[in-house]
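In this note's numbering, the protein residues as written are 10 to 549. We put the beta carbon where it would ideally sit given N, CA and C, even for glycine. The model shown is predicted, which means the values in this text are computed figures rather than measured ones. A short write-up of the structure that comes next.
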Amino acid sequence: MKLNELMENFIQEYLDKNKIDFDDWSINQSTQKGFGDYSSNVALKLTKLLKKSPLEIAEEIANHSNNNKKVFDLSASKPGFVNFHITNKYYIKVLGQILTEKKLFGKHKKLNQKANVEFVSCNPTGPLTVGHGRQAILGDMISNILTWKGYDVTREYYYNDAGKQMRVLAESCYAKYASQVGVEYKEPKNGYVGEYLDEIAALIIEKHGKELTVDNALFRTFTEKEIFKDIAKSLKRVGIKFDVFSKEGAFYKNGSIDSVLSILKEKNLSYEKDGAVWFKTSDMGKEEDKVLVKSSGEPTYRLPDIAYHADKVDRGFDLIVDVFGADHIDTYPDVILGLKCLGKRTDHIKVVIHQFVTIKKGGEIVKMSTRKANFITLDELNDELSSDVIRYFFIMRGANSHLDFDLDLAKDESEKNPVYYLQYANARISNLLARYEKEITENPKIDLSRLIEKDEISLIKLLSEFPQKMEDISESLEPRKLATYLEEVAAGYHKFYGNRKVINHDDLDTSFARKKLCEAAQIVLKNGLSILGISAPSKM
RNA sequence: GCCCCGGUAGCUCAGCUGGAUAGAGCAACGGAUUUCUAAUCCGUAGGUCACAGGUUCAAAUCCUGUCCGGGGUACCA
């Protein structure tokens with residue numbers, strides 16, 4: 010049984026025995042030293058009900074019969090906490106478990122459930138920016154976390170290959186083409202102007218000659234293909250691959266957009282006004298109705314989004330995660346509403362919203378716009394920093410906080426990036442283990458209970474928390490928490506390493522036990538780093 | 001206008017489903033090194049948790065209001 014269950018049972022037994030019906034209590038890690046490893050507020054919460062002083066209740070609970078003396082001792086402390094002191098014996102047992110389970114330690118067994126994670130999903134109108142990078146890495150790590158949790162994960166990229174944006178892109182590309190072949194053509198209003206389009210135009214000339222006219226479909230298809238190639242390349246450089254690409258166009262072709270419209274109309278949830286089709290969102294608690302089909306006859310993004318999500322639901326995933334930028338905060342509820350109106354299941358959809366990245370360059374905040382081409386690309390970042398550093402950089406802040414990305418500082422600080430701290434801990438262990446094998450050839454008996462020093466036990470304690478940590482993270486979908494945890498593990502290891510000599514010819518039994526602890530620390534570090542998609546080199 | 005996020009050490013940020021004496025990294029200062037890889041460790045200093053009310057045995061954490069900063073807000077996606 011898990012540790013937290015054992016502790017919960019202990020308190021529950023007390024409540025049952027005294028016929029107290031009460032469940033508003035919890036057990037938390039103790040923040041203060043000297044009060045055990047975990048503590049419960051149950052006594053404090055019970056004061057009103059029992060009309061006794063909290064300390065008195067706490068003492069009563071702490072003193073009631075404990076069937077788990079091998080796992081924990083108890084104490085009560087002011088103002089009324091029940092403290093659990095976990096025994097070394099228990100930790101030693103977990104250490105043995107880590108060493109046996111190795112790569113599987115903390116990993117959930119197969120759930121036989123499918124999860125879909127949609128992320129990046131930006132239209133192929135230009136290279137990926139640093140802003141997209143945050144989402145790419147966040148989504149990738151969330152996918153890893155869900156895989157670790159036991160899901161079969163599909164990574165999906167959805168984009169619009171059919172709308173106005175792509176038309177403007179095609180025309181912008183033609184404008185570049187025209188200027189290169191010496192034909193007069195006015196650039197479209199709000200067109201794209203980035204240099205990448207010059208290159209694509211040149212490529213079109215090279216492959217298809219100079220005689221093309223503006224209505225040639227190549228300017229759309231070729232450009233889309235080229236830009237997409239580029240996007241895929243940028244993603245690959247930070248270790249990201251997608252399983253499925255869904256195109257908006259497909260939902261026009263297979264009729265699902267029409268069918269969404271007709272269902273909504275049938276249910277009297279849409280109406281026509283000013284030549285447009287409106288979604289009666291105001292009937293469902295929204296402030297105003299939203300447009301589904303513009304008066305031009307073109308749907309807004311909302312409609313295909315609903316059709317696309319309906320398709321995802323129909324594909325039978327047990328969990329659907331959408332990773333969106335902050336601009337979707339107002340819009341995704343419409344999509345969910347749409348699904349509900351179609352009678353689709355929505356309770357298994359999780360939306361992770363991340364705030365935007367603001368870029369500083371030369372001390373100035375850069376307003377990013379793909380259209381105006383004053384963006385910083387993920388590739389530029391990649392040219393300067395390693396994939397490991399980039400991955401870590403993006404999740405060092407919570408997704409829900411703005412990320413001020415100072416490009417100069419990132420380069421400057423890449424040497425100080427905490428990712429090296431983690432990697433160094435791992436490299437240190439590798440080196441030590443190799444050295445151990447070389448120097449000590451005897452095979453002493455395994456006696457892990459020789460680990461009794463404070464720094465040893467607290468390291469094991471940290472390691473033992475890994476499975477629960479992953480459990481929490483797979484709920485909250487916050488990779489940052491894993492990074493923070495791994496930093497603690499690395500710190501715990503470095504501390505242990507500084508205090509204790511592992512290789513000691515005069516005490517082989519202790520040496521061996523310590524070596525085992527090093528192995529366990531490495532197991533947890535490597536497992537964690539693999540989830541973050543960060544390498545664990547054995548030498549640095 | 002409406003919506004979202006943030007305001008915690010000099011700087012960058014953790015902590016926020018309420019719990020005990022508010023943490024880490026960087027920067028500053030002092031120490032440890034014939035190294036099991038110092039990309040490390042130990043210590044010192046640094047705080048009115050934006051402000052004001054409220055709820056509670058208990059508030060950085062929850063509620064209300066105010067101020068400041070960032071972002072979003074189309075018949076663009």
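Selected residue, minimal CA-CA separation from residue i, among the options
i	options	result
asparagine 37	Gln21, Phe93, Ile66 and Lys61	Phe93
glutamine 7	Leu491, Phe19 and Val533	What is shown of the chain runs 10 to 549, which leaves residue 7 out entirely.
aspartate 516	Asn452, Glu69 and Lys478	Asn452
asparagine 508	Ala529, Lys463, Asp518 and Ile469	Lys463
serine 35	Glu257, Asn27, Lys26 and Glu17	Glu17
glutamine 364	Lys504, Ala335, Asn125 and Lys349	Ala335
proline 342	Leu328, Phe326, Lys359 and Gly407	Lys359
phenylalanine 251	His411, His217 and Tyr168	Tyr168
serine 39	Ile404, Ser48 and Phe128	Ser48
serine 86	Phe231, Tyr494 and Val51	Val51
lysine 123	Gly115, Ser188, His217 and Gly325	Gly325
leucine 53	Leu64, Leu15 and Asp46	Leu64
leucine 301	Asp314, Gly200, Leu495 and Gly294	Asp314
isoleucine 29	Gly43, Gly140, Lys60 and Ile266	Lys60
asparagine 77	Val103, Gly115, Ser130 and Leu15	Leu15
phenylalanine 44	His73, Asn75 and Pro88	Pro88
alanine 552	Asp356, Asn435 and Pro488	Since the first residue of the chain shown is 10 and the last is 549, residue 552 is not available in this structure.
histidine 337	Lys349, Arg311, Met293 and Lys548	Arg311
glutamine 21	Ser74, Asp46, Ser62 and Gln41	Ser74
serine 181	Ala316, Val322 and Leu206	Leu206
glycine 542	Gly407, Pro427, Asn132 and Asp397	Asp397
isoleucine 461	Lys242, Ala499, Phe505 and Ser485	Phe505
Beta-carbon proximity of residue i to residue j, cut-off 8 angstroms
i	j	result
glycine 307	lysine 173	In the sequence as displayed, the identity of residue 307 is glutamate instead of glycine. Cβ atoms of glutamate 307 and lysine 173: closer than 8 angstroms.
isoleucine 70	threonine 56	no
leucine 471	glycine 537	no
tyrosine 201	glycine 135	yes
phenylalanine 414	isoleucine 368	yes
serine 483	leucine 120	no
alanine 145	isoleucine 249	yes
leucine 58	phenylalanine 31	yes
aspartate 331	glutamate 127	yes
arginine 229	alanine 184	no
isoleucine 469	leucine 104	yes
leucine 137	threonine 355	no
alanine 316	isoleucine 266	yes
cysteine 166	valine 139	Here residue 166 is tyrosine; the residue named in the question, cysteine, does not match the sequence. Cβ atoms of tyrosine 166 and valine 139: not closer than 8 angstroms.
lysine 118	glycine 159	yes
serine 243	aspartate 388	yes
serine 547	serine 395	no
Under the three-state DSSP convention, the category residue i falls into
i	result
arginine 164	strand
isoleucine 449	coil
asparagine 92	strand
glutamate 487	coil
asparagine 37	strand
glycine 334	strand
serine 86	strand
phenylalanine 402	helix
leucine 278	coil
phenylalanine 260	helix
valine 80	coil
histidine 217	helix
isoleucine 455	coil
lysine 359	strand
proline 133	coil
lysine 420	helix
tyrosine 194	coil
arginine 509	coil
asparagine 18	helix
asparagine 27	coil
methionine 549	coil
Residues that residue i bridges to, as DSSP identifies them
i	result
phenylalanine 414	Ile368
glutamate 386	The question names glutamate, but residue 386 in the sequence shown is threonine. Thr138.
alanine 124	Val162 and Leu328
glycine 285	It should be pointed out that residue 285 corresponds to alanine in this sequence rather than to glycine. Per DSSP, Lys282.
proline 308	Val302
phenylalanine 254	Tyr166
tyrosine 47	Gln38 and Phe93
Heavy atom of the ligand HEM within 7 angstroms of residue i beta-carbon
i	result
tryptophan 34	Although the ligand HEM was asked about, the structure shown includes no ligands whatsoever.
Three or more C-beta pairs below 8 angstroms linking the segment 258–267 and the segment 224–236: no
Given 8 angstroms, three or more beta-carbon pairs between the segment 519–534 and the segment 447–461: Touching, yes, given that three or more Cβ pairs across the two stretches are closer than 8 angstroms.
Three-pair Cβ contact test at 8 angstroms for the segment 213–225 versus the segment 179–191: yes
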